[in-house]
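Here the structure comes first, spelled out in structure tokens, and everything after it is commentary.
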Amino acid sequence: MAIKSTKNSEHYIWGDNCDGWHLLKSDSLSIIQEKMPAHTSEGLHFHSIAQQFFFILKGIATFQIEGEVFEVNENKGFHILPNQKHQIFNHSELTLEFLVISEPKSHGDRTNL
Numbered sequence: 001m002a003i004k005s006t007k008n009s010e011h012y013i014w015g016d017n018c019d020g021w022h023l024l025k026s027d028s029l030s031i032i033q034e035k036m037p038a039h040t041s042e043g044l045h046f047h048s049i050a051q052q053f054f055f056i057l058k059g060i061a062t063f064q065i066e067g068e069v070f071e072v073n074e075n076k077g078f079h080i081l082p083n084q085k086h087q088i089f090n091h092s093e094l095t096l097e098f099l100v101i102s103e104p105k106s107h108g109d110r111t112n113l
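For the sequence shown, full-length UniProt numbering begins at 1 and goes up steadily by one.
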């Protein structure tokens with residue numbers, strides 16, 4: 001077992017030049033730390049099987065879920081069920097940092113809209 005951080009985890013770029021680090025990557029569970037620069041977003045999509053929980057570490061996340069908009073402040077979380085159309089935005093001037101926990105993993109289970 002190893003202590004995991006952004007320094008020793010697999011890194012990737014997603015969305016609008018955003019960063020992600022796979023802290024835990026298995027078929028049944030995924031935990032990713034992500035960072036979104038100011039004024040970035042990802043495209044509207046859904047997952048057929050995976051549910052996701054986003055926990056905001058720094059900043060304010062804006063989620064659009066099935067056409068409704070929610071703002072989630074740091075140290076708060078947001079649950080998204082399978083098949084819910086969603087996207088995340090960072091409308092602020094600051095970097096947004098969060099954990100996204102998917103069960104099962106969401107990679108390979110994404111439909112872009």
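Beta carbons: idealized from backbone N, C-alpha and C, even for Gly.
When only Cα atoms are considered, Phe-53 and Asn-8 end up about 23 Å apart. When the beta-carbon positions are compared, Lys-76 and Ile-56 come within less than 8 Å of each other. According to DSSP, residue pairing for Ile-13 in a beta bridge involves Asp-19. Remark: C-beta atoms of Lys-105 and Leu-29 approach each other more closely than 8 Å. Per DSSP, reduced to three states, the secondary structure at Thr-111 is strand. For Ser-26 and Leu-81, the gap between their C-alpha atoms comes out near 19 Å. For His-91, no beta strand (DSSP E) segment is defined, and its DSSP state is neither H nor E.
Less than 8 Å separates the beta-carbon of Ser-48 from that of Asn-83.
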